[in-house]
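Chains as they are written, first to last, in the UniProt record's numbering: chain S, 1 to 287; chain H, 1 to 287.
Have a look at this one:
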């Protein structure tokens, strides 16, 4: 059996009791480490689980899945995913490969907390979110803005948008690659400030009033940990805010943000008077 | 400290290791039992946690929250919520009361798996869901159809819609109430079949092509448990399908359901040939 086990968001103790039992008895334990990261080191997981953990990077999952699935038809293999397994496409990939394996490998998935729901900590109702978008690091020559169309669609319906921020782990250095060497860059994690700046930058080109300076948004960092940080304000304010260590995410507030959502979200405001003023003027309207 | 702790979806072992540690040492342990239910009895929780658990029904949470919060400024109180705490407004209510308490009561929330993400088990991408809607039990004289407008909005954007199904626990019997007696009805949980029928019924009146007989949908039951059941088909097929014990939910597929989603979802099809035919004809189109 291949067990795909969600680890939750913060540390080694966010795994479920059921998941921990499986990890402790499994033949091998893998950790998916390229779509998200925990806030603790692998060694801390290993020491708490009492098991050695094999880090599965993108290359291993995509090209060497036979190694991961070896003997999984007769033995238990645990594949750990930060957050919730279903929130990454890795899950669907692996599960499909198990179905197509000869003989088929049974799979079982253990769900856990995901950023998609933990973002409810902002006070915004999860029922009022539209589709989720991703924001990638802009470069001088590559500023993909397809997120803007999705945000605009949500915005038309007055819905909030969760923006998931790019992480780059184990990216090869392109200059070294051109010389035939593989050297990995240091990991990079997009900050709330970078995301807010990129949104404002795209708004300046697209000009549909979707994510300009005065749009209300809420930045979050390290959700689910002791050290979580939530700040609400305009995109301009958030583009200057320091949220500290990764992981960060951002929610752009939809215009229907109702009174109860506002009452809770304003407790996180960088400048409460400003936040209240903009909310009263532009938000809380019924669709 | 008031700890609001998500229990996950299925049984007593879906709590996180961190959550279990808090439950075992807390002064009092409450269980929110009116927006969702676990698939096991309270006694099974109590026996595994080694603690007695006080069931908090809607009345207690809404009218007697002072009892729940008593001494929480100096002692640890655990408030357990089925699924993820942020997926119900109970969380926001309680947390706001804690902030407004004199002296303020510190709170900490432990996220867990939610139906909002566990529904990824269908193979549909969580990034392609629009707003979530609720379906209540229709009566002869009351058939609220505001869900239809939300589904239509999602549908315009080609997005999937998660439909959460009504549960009635501890509802007073109205005839007895009229005679001055409080007698509670037996708990009722909406089935996928009932939901699909009600959607088709509303489509017959509203006629915008949002949720008619031939729309593809996926029903799920007891997600996250050993016993989970997933079936895909037309709403008409699902209106005849038997999913067994609660809890059930339904996803109406959006027209952008792409090839990889279809490839996975079709493995759950009641009638695969029919499912494939409708998908090829009406779905998978780019926005």
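We put the CB at the ideal spot given by N, CA and C, even for glycine.
Reduced DSSP secondary structure (H/G/I, E/B, other) of residue i
i                      : result
residue 122 of chain H : helix
residue 257 of chain S : coil
residue 135 of chain H : strand
residue 105 of chain H : coil
residue 252 of chain H : strand
residue 204 of chain S : helix
residue 234 of chain H : strand
residue 75 of chain H  : coil
residue 51 of chain H  : coil
residue 185 of chain S : coil
residue 229 of chain H : strand
residue 37 of chain H  : coil
residue 243 of chain S : coil
residue 193 of chain H : helix
residue 179 of chain H : coil
residue 263 of chain S : helix
residue 287 of chain H : Low local confidence applies: a pLDDT of 47 at residue 287 of chain H is under 50, so the model's placement there is unreliable, and no value is given.
residue 277 of chain S : helix
residue 19 of chain H  : helix
residue 68 of chain S  : helix
residue 9 of chain H   : coil
Environment of residue i [buried if 16+ CB atoms lie within 10 Å]
i                      : result
residue 272 of chain H : exposed
residue 55 of chain H  : exposed
residue 149 of chain S : exposed
residue 183 of chain S : exposed
residue 290 of chain H : The question about residue 290 of chain H has no answer, for chain H in this structure spans 1 to 287.
residue 161 of chain H : buried
residue 14 of chain H  : buried
residue 32 of chain H  : buried
residue 204 of chain H : exposed
residue 92 of chain S  : buried
residue 289 of chain H : Chain H is shown from 1 up to 287; residue 289 of chain H falls before or after that span and cannot be answered.
residue 261 of chain S : buried
residue 265 of chain H : buried
residue 267 of chain S : exposed
Rounded separation between residue i and residue j - CA only
i                      : j                      : result
residue 145 of chain S : residue 132 of chain S : 14 Å
residue 18 of chain S  : residue 58 of chain S  : 27 Å
residue 259 of chain S : residue 233 of chain S : 16 Å
residue 129 of chain S : residue 112 of chain S : 20 Å
residue 40 of chain S  : residue 25 of chain H  : 25 Å
residue 158 of chain S : residue 180 of chain S : 50 Å
residue 107 of chain H : residue 97 of chain H  : 10 Å
residue 48 of chain S  : residue 12 of chain S  : 7 Å
residue 10 of chain S  : residue 221 of chain S : 11 Å
residue 171 of chain H : residue 187 of chain H : 8 Å
residue 71 of chain H  : residue 223 of chain S : 27 Å
residue 191 of chain S : residue 256 of chain H : 31 Å
residue 245 of chain S : residue 88 of chain H  : 29 Å
residue 219 of chain H : residue 166 of chain H : 15 Å
residue 136 of chain H : residue 50 of chain S  : 47 Å
residue 53 of chain H  : residue 90 of chain H  : 18 Å
residue 294 of chain H : residue 45 of chain H  : Any question about residue 294 of chain H goes unanswered here, given that chain H covers just 1 to 287.
residue 141 of chain H : residue 250 of chain H : 24 Å
residue 61 of chain S  : residue 105 of chain H : 45 Å
residue 43 of chain S  : residue 254 of chain H : 42 Å
residue 287 of chain S : residue 153 of chain H : Legend: pLDDT at residue 287 of chain S = 47, less than 50; position of this residue unreliable, value from coordinates given subsequently. About 11 Å.
residue 65 of chain H  : residue 34 of chain H  : 15 Å
residue 242 of chain H : residue 94 of chain S  : 29 Å
residue 185 of chain H : residue 284 of chain S : 37 Å
residue 211 of chain H : residue 21 of chain H  : 45 Å
Beta-carbon spacing of residue i, residue j below 9 Å
i                      : j                      : result
residue 240 of chain H : residue 178 of chain H : no
residue 121 of chain S : residue 86 of chain H  : yes
residue 252 of chain S : residue 125 of chain S : no
residue 138 of chain H : residue 198 of chain H : yes
residue 119 of chain H : residue 6 of chain H   : no
residue 169 of chain H : residue 147 of chain H : no
residue 278 of chain H : residue 214 of chain H : yes
residue 275 of chain H : residue 216 of chain H : yes
residue 189 of chain H : residue 110 of chain H : no
residue 116 of chain S : residue 117 of chain H : yes
residue 114 of chain H : residue 114 of chain S : yes
residue 201 of chain S : residue 281 of chain S : no
Rounded Cβ spacing between residue i and residue j (contact assumed at less than 8 Å)
i                      : j                      : result
residue 196 of chain S : residue 235 of chain S : 5 Å
residue 84 of chain H  : residue 3 of chain H   : About 14 Å; that fails the 8 Å criterion.
residue 103 of chain S : residue 67 of chain S  : Between residue 67 of chain S and residue 103 of chain S the Cβ distance is about 18 Å, and since that is not below 8 Å, they are no contact.
residue 8 of chain S   : residue 16 of chain H  : 6 Å
Chain A within 9 Å of residue i, Cβ atoms only
i                     : result
residue 11 of chain H : Absent from the structure is chain A; the protein chains it does hold are S and H.
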